[in-house]
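Engineer: Before I ask anything, let me first share the structure, which is written out below as structure tokens.
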Amino acid sequence: MGFGDIFKITRGTKVIITITFSVALAASLFAVIYYSSINRSEDPRIVKAREYLLDFEKISGNSSPGEAFPALDSAFRIFSSLPDYKSSFETGVIYNNKCSSLLMRALYDTAISGIEKCTLLDLSLKYCDSSILTYKRWIEEWGTLTPEVIAEKLTPLMRNDDPALTHNFERIFERRVKNLVMAQIETPRRLSVSLTNKGTIYRHMSKPDSSLMFYREALLLWKENRTAKSNLNVLTGGDPLKPSFIESLFPPDKNRK
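And the structure:
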């Protein structure tokens, strides 16, 4: 057998290569079309706010709250200026991000004094309460509505004569409705996280009874909240929980109620 025979491509191999290439090309084209469609349906009024939230995520782990909070404040100003966003779950996310940032510093920054830790816990509690209130109000107003009713409620708030929305208004409006439907699943979990934060704050304020109450409330909303489960277990004399091997490989579907 000669050297050329080793690399000789049979007709069957050519067919397989052609099919594989065609499938890959089709997948690439689908991705381009799909994400282009998403970009065209993005609400231009809040694009900058989402960028600020991403900036916060990038810097929050390595910065003090004073350095990271301006990004959250900028995002909050944008959401609050829009009638269809000012009381939405997005503002609750901002409050909880501030709470979490302050709480992490209070718990893990060994350079701060006991008085500073108490101050941080008090401030994180205020932001936590704001996030809880925002989420509960949103769930009460939007949490059980059908897509049709959501669209009806949005109509006077998102107007097609708004200069910022005249381009691709129908796509933008449709995507907002879909996002709110998805938020009906996610916001109770967001509330569960905020309640878990509140339980942790009270735990470090030496208020175990209050802490237990909020961990239990958090689990009523989201039974797979591992942080609440683990803290509740510790408070009741058990050990912290670790995810099983199967749970690590197959985390719960976040889109499943």
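The letter at position 17 of the sequence shown is residue 479 when you use the numbering used here, and the numbering goes up by one with no holes. Beta carbons are placed, not taken as given, at the ideal position from N, Cα and C, and that holds for glycine. A quick note: this is a predicted structure, and the numbers were derived from the prediction, not measured.
1) Near alanine 511, what residues of its chain come up, given a Cβ to Cβ distance below 7 Å and the 5 sequence neighbours on each side ignored?
2) Tell me whether serine 490 is buried or exposed, calling it buried when 16 or more other Cβ atoms sit within 10 Å of its Cβ.
3) Mind checking whether leucine 534 and asparagine 558 have CB atoms under 7 Å apart?
4) Would you decide whether valine 611 is buried or exposed? Buried here means 16 or more other CB atoms lie within 10 Å of its CB.
5) Who are the near neighbours of aspartate 546 in its chain, counting only those whose CB is closer than 7 Å to its CB and skipping five residues on each side?
6) To which residues of the same chain is cysteine 580 closer than 6 Å at the C-beta, ignoring the five residues directly before and after it?
7) Looking at C-alpha atoms only, which residue of Val555, Lys520, Ser575, Pro670 is the closest neighbour of proline 650?
8) For alanine 493, which residues of its own chain have a beta-carbon under 6 Å away from its beta-carbon, when the five flanking residues on both sides are left out?
9) When burial is assigned at 16 or more other CB atoms within 10 Å of the CB, is alanine 626 buried or exposed?
10) Using 7 Å as the threshold, is the C-beta distance between leucine 657 and glutamate 679 below it?
11) Look up asparagine 622 in the DSSP assignment and say whether it is helix, strand or coil.
12) Work out the CA separation of proline 670 and proline 702 for me, nearest whole Å.
13) For tyrosine 597, which residues in the same chain have their Cβ closer than 7 Å to its Cβ, ignoring the five residues on either side in sequence?
Structural biologist: Straight from the coordinates:
1) Ala537, Ile540, Phe541
2) In this prediction, serine 490 scores a pLDDT of 42, lower than 50, which makes its location untrustworthy; no coordinate-derived value is stated.
3) no
4) exposed
5) Leu616, Leu619, Met620
6) Cβ within range, chain order: n/a, list empty.
7) Val555
8) Confidence is the limiting factor: at alanine 493 the pLDDT is only 38, short of 50, which leaves the residue's position unreliable, though a coordinate-based value still follows. No residues qualify anywhere along the chain.
9) Under this definition alanine 626 is an exposed residue.
10) yes
11) coil
12) 16 Å
13) Phe551, Gly554, Thr649, Arg652, Leu653, Ser656
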